[in-house]
Amino acid sequence: SQKIEQNSEALNIQEGKTATLTCNYTNYSPAYLQWYRQDPGRGPVFLLLIRENEKEKRKERLKVTFDTTLKQSLFHITASQPADSATYLCALDITGGYQKVTFGTGTKLQVIP
Amino acid sequence: GAVVSQHPSRVICKSGTSVKIECRSLDFQATTMFWYRQFPKKSLMLMATSNEGSKATYEQGVEKDKFLINHASLTLSTLTVTSAHPEDSSFYICSARAGRGGNTEAFFGQGTRLTVV
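Protein chains in written order, with this note's numbering: chain A, 1 to 113; chain B, 114 to 230.
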């Protein structure tokens with residue numbers, strides 16, 4: 001069965017540093033991979049989507065890489081700020097007729113001032 | 114970006130009663146909506162996929178008679194938790210997509226915190 005794992009439940013990082021989150025998956029070859037941010041008590045918010053033929057995608061301070069050989073995606077936040085503190089989820093789109101999204105376990109990022 | 118509105122945001126109900134949660138796409142038509150459940154400190158678990166005008170498709174282990182889904186229009190899907198019990202207490206989240214395919218962004222509602230007492 002499809003398995004999506006994110007490297008750690010929690011990650012603490014000093015303000016200004018680069019945060020790197022990892023997403024590993026097994027038993028599937030997704031055409032796309034997405035990253036979301038979720039704040040406590042709220043629904044996830046879409047951040048970035050990367051396609052299988054894209055090695056890297058950037059959006060402001062965010063950068064996502066996608067290595068289909070390693071079955072891994074890395075999510076980077078540069079110059080991290082306390083406001084970046086949240087849980088970050090990676091998600092794969094399992095195309096089985098209705099394009100459903102399956103989420104990873106999530107990593108709770110805490111940026112310390 | 115597109116907006117998905119979920120209502121209510123919080124509900125407390127007595128054991129044995131039913132609760133309806135609404136999910137509306139406010140500025141786009143959603144042919145497909147998804148319902149998720151999230152336990153504390155856990156990721157979102159897909160419960161079912163709701164397709165407008167047809168029966169919902171439930172994930173393995175999700176009781177369709179327990180969690181009734183209706184997608185009556187292109188902008189509204191409802192989840193009814195029937196005969197709720199304390200173990201049904203959870204955070205329920207819906208999402209909607211404007212198009213088809215994995216490259217279309219999913220927009221999420223703000224979630225509903227259900228507490229069954």
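Heads up, the beta-carbon is just placed ideally off N, CA and C, and yes, glycines get one too.
Quick caveat: nothing in here was measured; it's all calculated off a predicted structure.
Check                                                                                                                                                             : Outcome
Buried or exposed, going by whether 16 or more other CB atoms sit within 10 Å of the CB of B/S128?                                                                : exposed
If you run the structure through DSSP and keep just helix, strand and coil, what is B/A169?                                                                       : coil
Mark B/S167 as exposed unless 16 or more other C-beta atoms lie within 10 angstroms of its C-beta, in which case mark it buried.                                  : exposed
Thinking C-alpha only, which one of B/E176, B/V175, B/F180, B/L187 is nearest B/M146?                                                                             : B/L187
Nearest-angstrom Cα distance between B/H120 and B/L139?                                                                                                           : 13 Å
So, for A/E15: in the same chain, excluding its five sequence neighbours on each side, which residues have a beta-carbon less than 7 Å away from its beta-carbon? : S80, Q81, P82, V111, I112, P113
Which of helix, strand or coil does DSSP assign to B/E200?                                                                                                        : helix
Under the rule that 16 or more other beta-carbon atoms within 10 Å means buried, what is B/D201, buried or exposed?                                               : buried
Let me know the secondary structure DSSP gives A/A86 once reduced to three states.                                                                                : strand
Comparing alpha-carbon positions, which option in B/R210, B/E218, B/V229, B/S203 lies nearest A/R42?                                                              : B/S203
B/I206 touches chain A at which residues, Cβ-Cβ below 8 Å?                                                                                                        : G43, P44
Any beta-carbon of chain A closer than 8 Å to the one on B/G224?                                                                                                  : yes
Which residue comes first and which comes last in the beta strand (DSSP E) that contains B/Q142?                                                                  : Where B/Q142 is concerned, there is no enclosing beta strand (DSSP E), given that its DSSP letter is neither H nor E.
Is the beta carbon of A/K71 sitting closer than 8 Å to the one on A/V64?                                                                                          : no
Along chain B, in chain order, which residues have C-beta atoms closer than 7 Å to that of A/F103?                                                                : S156, L157
Starting from the beta carbon of B/A143, find every residue of chain A whose beta carbon is closer than 7 Å, and list them in chain order.                        : The premise fails here: B/A143 is roughly 12 Å from chain A at the closest Cβ pair, so nothing lies under 7 Å.
With a 10 Å radius around its C-beta and 16 neighbouring C-beta atoms as the bar for buried, classify A/P40 as buried or exposed.                                 : exposed
For a contact meaning CB atoms closer than 7 Å, what does B/A219 contact in chain A?                                                                              : F46, V101
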